[in-house]
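For the sequence shown, our numbering begins at 924 and goes up steadily by one. Idealized CB from N, CA, C, for every residue including glycine. Here's the structure we're looking at; comments come further down.
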Amino acid sequence: MTKPTTTQLEPMPGDWRRALAVVAHPDDLEYGCSAAIASWTDEGREVAYVLATRGEAGIDTLAPGECAAVREREQRASAAVVGVGEVEFLDHRDGVVEYGTALRRDIAAAIRRHRPELVITLNHRDTWGGVAWNTPDHVAVGRATLDAAGDAGNRWIFPELTERGLEPWDGVRWVAVAGSSSPTHAVDAGPGLERAVRSLLEHRTYIEALTDEDPETYVRGFLTGYAEAAGERFGGRPAVTFEVFAR
924 MTKPTTTQLE
934 PMPGDWRRAL
944 AVVAHPDDLE
954 YGCSAAIASW
964 TDEGREVAYV
974 LATRGEAGID
984 TLAPGECAAV
994 REREQRASAA
1004 VVGVGEVEFL
1014 DHRDGVVEYG
1024 TALRRDIAAA
1034 IRRHRPELVI
1044 TLNHRDTWGG
1054 VAWNTPDHVA
1064 VGRATLDAAG
1074 DAGNRWIFPE
1084 LTERGLEPWD
1094 GVRWVAVAGS
1104 SSPTHAVDAG
1114 PGLERAVRSL
1124 LEHRTYIEAL
1134 TDEDPETYVR
1144 GFLTGYAEAA
1154 GERFGGRPAV
1164 TFEVFAR
């Protein structure tokens, strides 16, 4: 039997002012790392969200057009709870996001617009810790975000972006992957955990379609459980973990 990893996690880099979080769907960040984002915005850091889709294929009982409007509204409300006011949607189709140059270009354009030092995304690997299969959208967006962090700084990749007035931005210093089974760093989740719970609860329509459990009981149990488990590698403090790639 493989022994569990016990290596302690490092604190996240702190010498940055702007972050851009790029994920596939509404609620991805709320399940993944909003307690950390709440702490960062409390410190005066700027965080913006970019979502590849509006999550329109996520609720079986709602037609995509209706679902997109609901999930966009819930995502904006959710972001506001943790101090994020900028939320953009790239309008790729939910469920069939394709990794490729079109997706890389859209994300590189967002990075050039926002000019972050830290880029955040979600698990880009095929599985969640070898236990559950990941969705194609998460894999595509995570991989494309890692690539686009480099694309954004090269004027000869996607030169049409420069023609649109989006000058290259080579200032991304780290890409941090939330939900990774190979985390390297962590943020103390304690100060932001209650807001993380409230933030995920803003996705009430989605949660009520997902589970028959009381929404607050479900959300609190999910987020607290993961934070406490991560804390075993972060000095016993509840934590949000990231796999950090330096550039």
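In the DSSP assignment, Thr1044 falls within the unbroken beta strand (DSSP E) covering 1041-1045.
Taking the Cα positions, Gly978 is about 24 angstroms away from Gly1052. Between the segment 964-976 and the segment 1121-1128 there are fewer than three inter-stretch CB-CB distances shorter than 8 angstroms, so the stretches are not counted as touching. In the DSSP assignment, Tyr1022 falls outside any beta strand (DSSP E), carrying neither H nor E. Taking the C-beta atoms as reference points, Pro934 is found nearer than 8 angstroms to Ala1109. Under the Cβ criterion (8 angstroms, minimum of three pairs), the segment 1070-1082 does not count as touching the segment 1125-1139. By the Cβ test, the segment 1041-1055 is in contact with the segment 1085-1102, since at least three Cβ pairs between them sit closer than 8 angstroms. Between Ser1103 and Asn1046, the C-beta spacing is below 8 angstroms.
In terms of Cβ geometry, Glu1125 and Val1004 form a close pair [threshold 8 angstroms]. Distance from Ala975 to Leu932 at the Cβ level is roughly 28 angstroms; contact not present, criterion being Cβ atoms closer than 8 angstroms.
By the neighbour-count criterion, in which a residue is buried when 16 or more other Cβ atoms sit within 10 angstroms of its Cβ, Asp1017 is buried.
If you compare the alpha carbons of Leu1116, Val1167, Gly1158, Phe1157 with that of Gly1144, the shortest gap goes to Leu1116. In terms of Cβ geometry, Ala1071 and Ile1034 form a close pair [threshold 8 angstroms]. Rounded to whole angstroms, the separation of the alpha carbons of Thr1024 and Glu1090 is 18 angstroms. Rounded to whole angstroms, the gap between the alpha carbons of Arg940 and Thr964 is 10 angstroms. Going by beta carbons, Tyr1022 and Ala1063 fall inside the 8 angstroms limit. For Val1062, the enclosing alpha helix (DSSP H) has its first and last residue at 1059-1074. Burial check for Glu1136: the Cβ neighbour count within 10 Å stays below 16, so the residue is exposed. Per DSSP, Trp963 is one residue of the alpha helix (DSSP H) stretching across 957-965. Note: Tyr972 is bridge-paired with Ala944, Val1010 in the DSSP secondary-structure output. Cβ-Cβ distances below 6 angstroms link Ala991 to Arg977, Glu979 in the same chain, with the five nearest sequence neighbours on each side left out; the list follows chain order.
In chain order, Ala1067, Asp1070, Ala1071, Asp1074 place their CB closer than 7 angstroms to the CB of Arg1027, counting only its own chain and leaving out the 5 sequence neighbours on each side.
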